[in-house]
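Structure first, commentary second.
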Amino acid sequence: MKILVINGPNLNLLGSRNKEQYGSETLKDLENRVLRISKELEIDVSFRQSNSEGDIVTFIGSAKNEYDGIIINPAAYTHSSIAIRDAIEAVEIPTIEVHISNIYSREEFRHKSMISAVCLGQIAGLGLDGYELAIRALNKKLKSNK
Ligand code: DQA
């Protein structure tokens, strides 16, 4: 089983950016957490991060026939990107949306996600634990579909 983890703009700055919302762990720490679980579950996991919407659309499109599941935090593009939404819909790969912060307790413009409707589910507000929960949930879902 292969899972792709995609992180969007400014998540390369985790650990130094707005620690109150995003904590002090880095993107590398996040990847190590996911890797630890993927080993336990015997899943093959890959990571992508980009600050560009087009790159993220390309990552999703290239996942077709390559990955069984996607975990995505589109960061600020969550609230604006129809292109990312359409890419997720087009590839028909089960996808879980993750947000480190609770987007519903923050500014109003963060309350709307363009991608939720095309995702299996959304995890928000649980910090980096959200990625760990997402990989476990995706594993369970994909195994039950086989
Ligand atoms: C975020 C929430 C977004 O509103 C914000 O633009 C981000 C990160 C989160 O993980 O909490 O960059 O997706």
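Note that the sequence shown covers residues 1124 to 1269 in my numbering. Beta carbons: idealized from backbone N, C-alpha and C, even for Gly. Because the structure is a prediction, the values reported are computed rather than measured.
Query, Result
"Can you give the Cα-Cα distance for C1073 and I1219, rounded to whole angstroms?", "An answer regarding residue 1073 cannot be provided, because it is not within the stretch 1124 to 1269 covered by the chain."
"For V1128 versus Y1227, is the C-beta distance shorter than 8 Å?", "no"
"The beta strand (DSSP E) with V1128 in it runs from where to where?", "K1125 to N1130"
"To the nearest angstrom, report how far apart R1140 and G1192 are at their CA atoms.", "28 Å"
"Give every residue of the same chain whose Cβ lies closer than 6 Å to the Cβ of E1332, excluding the five residues on either side of it in the sequence, and list them in chain order.", "A query on residue 1332 cannot be resolved here, the shown segment of the chain reaching from 1124 to 1269 and no further."
"Any heavy atom of the ligand SAH within a distance shorter than 7 Å of the CB on S1203?", "The ligand SAH is not part of this structure, which contains only the ligand DQA."
"What residues are listed by DSSP as bridge partners for I1219?", "I1194 and G1244"
"Could you check which residue in A1260, I1238 and S1267 has the C-alpha nearest to that of I1179?", "I1238"
"Could you pull the DSSP bridge partners for V1168 from this structure?", "I1126"
"Starting from S1203, follow the alpha helix (DSSP H) in both directions and report where the run begins and ends.", "Taken as a continuous stretch (DSSP letters only), S1203 belongs to no alpha helix (DSSP H), as it is neither H nor E."
"At which residues does the alpha helix (DSSP H) containing L1261 begin and terminate?", "D1252 to N1268"
"Pick out whichever of G1146, E1154, E1165 and K1266 has its Cα sitting closest to the Cα of I1195.", "E1154"
"Near the ligand DQA, which residues have their beta-carbon less than 6 Å from any of its heavy atoms, given in chain order?", "N1133, N1196, A1198, A1199, T1201, H1222, I1223, S1224, I1226 and R1233"
"Looking at N1135 and Q1172, is the spacing between their C-beta atoms short of 8 Å?", "yes"
"Once you ignore the five residues that flank L1256 on each side, which residues in its own chain have a CB closer than 6 Å to its CB?", "I1246"
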